[in-house]
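Asker: Numbering (full-length UniProt numbering), first residue to last: 1 to 651.
Yeah, the Cβ is synthetic: ideal placement off N, Cα and C, and Gly gets one too.
After the structure tokens below, expect a handful of questions from me.
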């Protein structure tokens, strides 16, 4: 027997007039539809009870009034059959009974989804139970991963359909982005992995809706791509949006009131503070309301000034510079690598201390080339036994005096010389280790790099600053090693032609790190930040007392071994402050008589002829220790000295 869901209301044949048949739904059909809907709803309500037992029976005399047809060929992403409205399909009794059963199963699945959402928090808390690491059977695993479909609706399944957690430290070792890794903590010890539809891990833990996978390799076994997003933790008002779209290799940042608003802010390149009432607007990636500074876009005047006064002359005379420099580099190179540094007369005492402290430790300086920006400094460097290169045309715009503070006009005009020396040696085909003069060496830094197995193109010391314009590497451009290859050469050349950006920002560190990030993304430049405890600097001096205590008092009890390669006195305003800090650390080896009026150094002509003679006149065999501040690291107690910082405690 067959029944139809639509009734044909025939025209009475006894009527003398012949009417065309009229097909309408009868009142009976409408009432039957209401009854069926009420019945299904009632069954779903009963299904909330644990005693519920699904019934597949329905009064037969109402079956043919159900206004539904089962579409057995259409399935959604969860494998659920869908129901479509129909007014013409004929059903057998068995088909209708099966339809009712499937309809009730659909409601049951919807109910289970709702229960899943409400139980996620409970299930996460059960991860620490003893059943956490139990493996699943193949069938149970497939079913468990399918359970996550309730977390990700159909609208996101084209780019994410499951998620898992893996150990943060293991993940960072496997996917080394070169950035300095923060220590993991209780609230930052896992990495959240979002999986595409065919990238589900082969295993998972049974007790959690968001599984913890012990082996990172297992977690990414089915991933052909892994896009790693680094985001600042503990930023409580932060939102992270992941959108299915054509790939972007940059983070698009929106912030409330971030871009400079006033003329003064625009001129200084700072950003406005966060305004919770302001709309979210697109900002540059270095916008930082905490540090109130970012890279500043060069003006046309700054660009033309750099092109006309510096870059044009540099490129015109490039072959001359390379020809003059090549014999020095060839003589100084050790395994096709040299150490370069720049120095003007104002910084000469710091250069002298680097040489004197290295001699006191028996370190070889034959691999060092000093790019002197004035004739006096070139003569002085040679008198100390160093190879020196000076060309008046190359450095005619570089001031002779030292900078009064970081980022002042003298500093800005001097900093471009640090790009010249690296670019020239790179053009000659050598690896380059650039080092500032405001440091002391405990070991030969070049030998340390030559003992490495190279996996990266550029290695930088860790600056320690978390300003947005240094992200993500926070590298310090006062000490870095560049391997000679096409990727690194192109990066250094790009930095050279970006001198207007350096001039406008008044430092080359922020432009250096920003361009380096672009080259890492676009050209595959491989960058690595060196371990901070092996290459410490001003961050350690001012903010890591336990490290400094272990360094200055090696006999004291400590939980770790301190054996740094160098110490860089960064994070200090000027030369005078650096000298004071070195003296207090017990790392100052330059005698006072080597100074004249605070700026002129080693001016005795006969002393310049012999490096050993000048070194014996300027260098002390033992460190010259002096107290300056009671609240800064010191080799000896300095309780009677003034404090350097307000409210700080004594050392």
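Is the separation between the beta-carbon of residue 619 and that of residue 356 shorter than 8 angstroms?
Answerer: The residue labelled residue 619 in the question sits at position 619 within the chain shown. The residue labelled residue 356 in the question sits at position 356 within the chain shown. Yes; because the gap between Cβ atoms is below 8 angstroms, this pair is in contact.
Asker: Specify the secondary structure class of residue 481 as computed by DSSP and reduced to three states.
Answerer: Your numbering for residue 481 matches position 481 in the chain shown. Strand, per DSSP.
Asker: Taking its Cβ as the centre, do 16 or more other Cβ atoms sit within 10 Å of residue 344, making it buried, or is it exposed?
Answerer: Mapped onto the chain shown, residue 344 falls at position 344. Burial call: buried.
Asker: Is it true that the stretch 408-426 meets the stretch 326-341, where meeting means three or more beta-carbon pairs spaced less than 8 angstroms apart?
Answerer: They touch, by the three-pair rule.
Asker: Could you say if the stretch 156-173 and the stretch 193-200 meet the contact criterion of at least three C-beta pairs nearer than 8 angstroms?
Answerer: A contact exists between the stretch 156-173 and the stretch 193-200.
Asker: Mark residue 358 as exposed unless 16 or more other C-beta atoms lie within 10 angstroms of its C-beta, in which case mark it buried.
Answerer: Within the chain shown, the letter at position 358 stands for residue 358. Answer is buried; the Cβ neighbour count reaches 16.
Asker: Taking the alpha helix (DSSP H) that residue 253 belongs to, which residues open and close that run?
Answerer: As a position in the chain shown, residue 253 is number 253, starting the count at 1. Where residue 253 is concerned, there is no enclosing alpha helix (DSSP H), although the beta strand (DSSP E) it sits in stretches over 253-256.
Asker: In this structure, does DSSP put residue 281 in helix, strand or coil?
Answerer: By one-based count along the chain shown, residue 281 stands at place 281. In the structure shown, residue 281 sits in a strand (DSSP, three-state: E or B).
Asker: Do residue 351 and residue 387 come within 8 angstroms of each other at the CB atom, strictly closer than that value?
Answerer: The residue labelled residue 387 in the question sits at position 387 within the chain shown. The residue labelled residue 351 in the question sits at position 351 within the chain shown. No; because the gap between Cβ atoms is not below 8 angstroms, this pair is not in contact.
Asker: Is residue 586 closer than 8 angstroms to residue 625 when the C-beta atoms are compared?
Answerer: Mapped onto the chain shown, residue 625 falls at position 625. Mapped onto the chain shown, residue 586 falls at position 586. Going by C-beta atoms, residue 625 is nearer than 8 angstroms to residue 586.
Asker: Taking all protein chains shown into account, do 16 or more other C-beta atoms lie within 10 angstroms of the C-beta of residue 651, making it buried, or fewer, making it exposed?
Answerer: Numbered from 1 along the chain shown, position 651 holds the residue referred to as residue 651. So residue 651 ends up on the buried side.
Asker: If you compare alpha carbons, which of 238, 313, 335 and 239 is closest to residue 484?
Answerer: By one-based count along the chain shown, residue 484 stands at place 484. Nearest C-alpha to residue 484: 335.
Asker: When DSSP labels each residue in this structure, what does residue 389 get in the three-state scheme?
Answerer: Residue numbering aside, residue 389 sits at position 389 when the chain shown is read from its first letter. Residue 389 falls in the strand class under three-state DSSP.
Asker: Alpha carbon to alpha carbon, how far is residue 420 from residue 389? Give it in angstroms, no decimals.
Answerer: If you number the chain shown from 1, residue 389 lands on position 389. If you number the chain shown from 1, residue 420 lands on position 420. Distance between the alpha carbons of residue 389 and residue 420: 12 angstroms.
Asker: Opposite residue 475 in the DSSP bridges: which residues?
Answerer: Along the chain shown, read from residue 1 onward, the residue named residue 475 stands at position 475. According to DSSP, residue 475 bridges with 462.
Asker: Name the two residues that bound the continuous alpha helix (DSSP H) containing residue 427.
Answerer: The residue labelled residue 427 in the question sits at position 427 within the chain shown. Element bounds for residue 427: 417-427.
Asker: For residue 646, count the other beta carbons within 10 Å of its own beta carbon; 16 or more makes it buried, fewer makes it exposed. Which is it?
Answerer: Here residue 646 corresponds to residue number 646 of the chain shown, with the count starting at 1. Result: exposed.
Asker: Who are the near neighbours of residue 537 in its chain, counting only those whose CB is closer than 6 angstroms to its CB and skipping five residues on each side?
Answerer: In the chain shown, the residue the question calls residue 537 occupies position 537. Cβ within range, chain order: 568 and 570.
Asker: Tell me the rounded alpha-carbon separation between residue 470 and residue 508.
Answerer: On the chain shown, residue 470 is found 470 positions in, with the first residue counted as 1. On the chain shown, residue 508 is found 508 positions in, with the first residue counted as 1. Going from the Cα of residue 470 to the Cα of residue 508 covers about 11 angstroms.
Asker: Just checking my contact of residue 353 with residue 590 at CB under 8 angstroms: how many whole Å lie between their CB atoms?
Answerer: Looking up residue 353 in the chain shown gives position 353. Looking up residue 590 in the chain shown gives position 590. With 8 angstroms as the limit, residue 353 and residue 590 qualify as a contact, their Cβ atoms being about 5 angstroms apart.
Asker: Taking only the alpha-carbon atoms, compute the straight-line gap between residue 506 and residue 211 and give it to the nearest angstrom.
Answerer: Here residue 506 corresponds to residue number 506 of the chain shown, with the count starting at 1. Here residue 211 corresponds to residue number 211 of the chain shown, with the count starting at 1. The alpha-carbon atoms of residue 506 and residue 211 are separated by roughly 49 angstroms.
Asker: Could you give the distance in angstroms between the alpha-carbon of residue 328 and the alpha-carbon of residue 321?
Answerer: Within the chain shown, residue 328 is the residue found at index 328, counting from 1. Within the chain shown, residue 321 is the residue found at index 321, counting from 1. Cα-Cα distance, rounded: 11 angstroms.
Asker: Is the CB-CB distance between residue 238 and residue 575 below 8 angstroms?
Answerer: Within the chain shown, residue 238 is the residue found at index 238, counting from 1. Within the chain shown, residue 575 is the residue found at index 575, counting from 1. In this structure, residue 575 does not lie closer than 8 angstroms to residue 238 by Cβ.
Asker: Do you know offhand how far residue 254's Cα is from residue 188's?
Answerer: Start at 1 with the first residue of the chain shown, and residue 254 comes out as number 254. Start at 1 with the first residue of the chain shown, and residue 188 comes out as number 188. Taking the straight line from one Cα to the other gives about 24 angstroms.
Asker: Let me know the secondary structure DSSP gives residue 356 once reduced to three states.
Answerer: Here the question's residue 356 lines up with position 356 in the chain shown. Residue 356 falls in the helix class under three-state DSSP.
Asker: Would you report the Cα separation of residue 248 and residue 532, rounded to the nearest angstrom?
Answerer: In the chain shown, residue 248 corresponds to position 248, counting from 1. In the chain shown, residue 532 corresponds to position 532, counting from 1. Taking the straight line from one Cα to the other gives about 31 angstroms.
Asker: If I measure Cβ to Cβ from residue 185 and keep anything under 6 angstroms in the same chain, skipping five residues before and after, which residues do I get?
Answerer: In the chain shown, the residue the question calls residue 185 occupies position 185. There are no such residues.
Asker: Output the residue ranges of the alpha helix (DSSP H) runs that lie fully inside the stretch 519-589 and measure 4 residues or longer, sorted by chain position.
Answerer: Entirely contained in the stretch 519-589, the alpha helix (DSSP H) runs reaching 4 residues are, in chain order, 538-543, 545-552 and 575-585.
Asker: Alpha carbon to alpha carbon, how far is residue 499 from residue 303?
Answerer: Against the chain shown, residue 499 aligns to sequence position 499. Against the chain shown, residue 303 aligns to sequence position 303. Taking the straight line from one Cα to the other gives about 8 angstroms.
Asker: Could you check the C-alpha separation between residue 450 and residue 362 for me, to the nearest Å?
Answerer: For the purposes of this step, residue 450 is identified with residue 450 of the chain shown, where counting begins at 1. For the purposes of this step, residue 362 is identified with residue 362 of the chain shown, where counting begins at 1. Spanning the two alpha carbons is a distance of roughly 19 angstroms.
Asker: Alpha carbon to alpha carbon, what distance is there between residue 528 and residue 177?
Answerer: Here the question's residue 177 lines up with position 177 in the chain shown. Here the question's residue 528 lines up with position 528 in the chain shown. Spanning the two alpha carbons is a distance of roughly 8 angstroms.
Asker: So, for residue 551: in the same chain, excluding its five sequence neighbours on each side, which residues have a beta-carbon less than 6 angstroms away from its beta-carbon?
Answerer: Against the chain shown, residue 551 aligns to sequence position 551. Taken in chain order, the residues that qualify are 562.
Asker: Taking 8 angstroms as the CB-CB limit, is residue 484 close to chain C?
Answerer: Within the model displayed, chain C is absent; a lone protein chain is all it includes.
Asker: Nearest-angstrom Cα distance between residue 722 and residue 371?
Answerer: As shown, the chain starts at 1 and ends at 651. That puts residue 722 outside it, with no answer to give.
Asker: Name the one or two DSSP bridge partners that residue 369 has.
Answerer: Residue 369 sits at position 369 when you count from the first residue of the chain shown. Residue 369 is bridged to 340 and 387.
Asker: Relative to the C-alpha of residue 418, which candidate in 165, 398, 95 and 179 has its C-alpha closest?
Answerer: Residue mapping note: residue 418 aligns to position 418 of the chain shown, counting from 1. For residue 418, the nearest C-alpha among the options comes from 398.
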